[in-house]
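A.B. asks:
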Amino acid sequence: MIYFDYGATTPIDDEVLNSYIKTQKQFFANTSSMHKLGQITKQVLEQATKETLDVLGLSNHHLVYTSNATEANNLAIYGIAHRYLLSEGLKWRLITTKMEHPSVYEVFKALEQEGYDVIYLDVSAEGTIDLEQFRQALNKQTVLVSIMWVNNIVGSIQPIKEVLNLLEQYPKATFHMDAVQGLCKVQADFDFNKVDLFTMSTHKIYGPKGVGFLAYRSPIRLTKRLYGSQAQDGIKPGTLDLALAVATCKALKIYYPKTKEHYQQVQALNNYLRSGLANLPMIHINSPKTAVPYILSIALPSVNAETLLHALEALDIYVSAGSACHSKERKPERTVMAMTNSLELATSTIRISLSHLSTKNEIDQLLLALKDICHV
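Mapped onto our numbering, the consecutive letters of the sequence shown carry residue numbers 24 to 399.
1. Going by DSSP, what residue range makes up the beta strand (DSSP E) through Y88?
2. Roughly how many whole angstroms lie between the Cα atoms of H226 and T46?
3. With a threshold of 6 Å on Cβ separation, who are the neighbours of V78 within its own chain once the five nearest residues in sequence on each side are excluded?
4. Return helix, strand or coil for R297, following the three-state DSSP convention.
5. Pop quiz: Y139 and K114 are said to be a contact at Cβ under 8 Å. What is the actual Cβ separation, rounded to whole angstroms?
6. Run through DSSP, which three-state label would S126 get?
7. Expressed to the nearest angstrom, what Euclidean distance is found between the alpha-carbon atoms of A99 and T165?
8. Who are M362's beta bridge partners in DSSP?
9. What are the complete beta strand (DSSP E) segments, minimum 3 residues, inside the region 166 to 226?
10. Going by C-alpha distance, which of P194, I375, R297, P324 is nearest D219?
11. List the whole-angstrom C-beta distance separating S55 from A254, where the pair is believed to meet the contact cut-off of C-beta under 8 Å.
12. Mapping DSSP to helix, strand and coil, what is Y107?
13. For the beta strand (DSSP E) that contains G235, what are its first and last residues?
14. Check for me: the beta strand (DSSP E) holding A322 runs from which residue to which?
15. Rounded to whole angstroms, what's the CA-CA distance from V234 to H398? Just pull it up for me.
16. Using only the alpha-carbon positions, how far apart do Q66 and L86 sit?
17. DSSP has R116 in a bridge; who is on the other side?
18. What would DSSP say about I35, mapped onto helix, strand or coil?
19. Is T372 helix, strand or coil by DSSP?
20. Measure the alpha-carbon distance for K383 versus I306 and round it to whole angstroms.
21. Is Y279 helix, strand or coil by DSSP?
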């Protein structure tokens, strides 16, 4: 089995799994309970949260543990947008891009239906926004900007540092960043402490599924989307799975310090893969050379993406045909359409996502398989 779908999920690390099992067995009491066992588990949660914030160098953020990044993105975006009520003659402006993850893009589509003035920034052939277009889109009614750090389809990196600099002139505008494909994969050239809200997903960094978090900066207040207890400031009410929070902390403590080391390792693999693909001229590479090395989006224009995916699957090689969250919809890949305006490329795109666990031998087998498919 050759796995090239690390962008969809990663295998859980043994240390992370052991921390999860140990915590689940030893600290099973409800963190909201007032008795001693409950207070002990609460202390474990507080310590895990503190260590997570420390690893990321965050000095003024709160964490809300969620079931996944999709939930975290929804809570963040609705939580800010719904603070600003719509009234006749006044439309609050929201800004995002045409290549966001569905858990962001679809929320903005819904808010647009509610009456908000939503601007969808164009992206270049390199998969990045035009900062001048962004600057012109900003106005005094702008209350929320959401731009992902690293794109999940092609791996392009957005100029977050420059975005933050431009937003300094608009204090009313809150900035949200989907950090799912960036955290533990690329070193930030910006200060996380300046990011108002960001989200992550633990299973993308060799942790368990079913957990992620929303980090939000003080003194930001979020409008409630869910109702129930006052757990987690009432933003995500309900019983929290302490073991998942501890496992998230453990995964970050292991993999965040290795960001640079793993980046360099995967960059060498990505270069090797690109060199091999250069010998297959019928394959189009969507990912720009400046993309993170973990993601390489390619298209074989004469072959439908699903057909190509299953042809590789028959050889025990596993890739994806876009975001795993939307892979069953069989629509043209929105990110590739935004970059290329080519329906042919957008319907024939697959994503190869690498890891520090990947090997040159695996890449050789992928290249051989693609060569055979191209010549069928």
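Glycine included, every Cβ here is placed at the ideal spot set by N, Cα and C.
None of these values were measured; they are calculated from a predicted model.
C.D. replies: This is what the structure holds:
1. From DSSP, the beta strand (DSSP E) with Y88 extends over 84 to 89.
2. Between the alpha carbons of H226 and T46 lies a gap of roughly 18 Å.
3. Within the same chain, Cβ atoms closer than 6 Å to the Cβ of V78 are found at L275, K276, Y279, the five residues on either side in sequence being excluded.
4. When DSSP states are grouped into helix, strand and coil, R297 belongs to the helix group.
5. Beta-carbon to beta-carbon, Y139 and K114 are separated by about 7 Å, close enough to satisfy the 8 Å threshold.
6. Reduced to three states, the DSSP call for S126 is helix.
7. Each residue's Cα considered, the two are about 16 Å apart.
8. BP columns for M362 are empty, so no partner.
9. Segments of the beta strand (DSSP E) lying fully in the region 166 to 226: 197 to 201, 220 to 224.
10. Out of P194, I375, R297, P324, the CA that lies nearest to the CA of D219 is found in P194.
11. So it is a contact: roughly 6 Å between Cβ atoms.
12. When DSSP states are grouped into helix, strand and coil, Y107 belongs to the coil group.
13. That run of the beta strand (DSSP E) goes 235 to 240.
14. Where A322 is concerned, the enclosing beta strand (DSSP E) stretches over 318 to 322.
15. Spanning the two alpha carbons is a distance of roughly 43 Å.
16. Cα-Cα distance, rounded: 15 Å.
17. Answer is D140, T165, bridged to R116.
18. In the three-state reduction of the DSSP assignment, I35 falls in the coil class, being assigned neither a helical nor a strand state.
19. Here T372 sits in strand by DSSP.
20. Rounded to whole angstroms, K383 and I306 show a C-alpha spacing of 20 Å.
21. In this structure, Y279 counts as coil in the three-state DSSP scheme.
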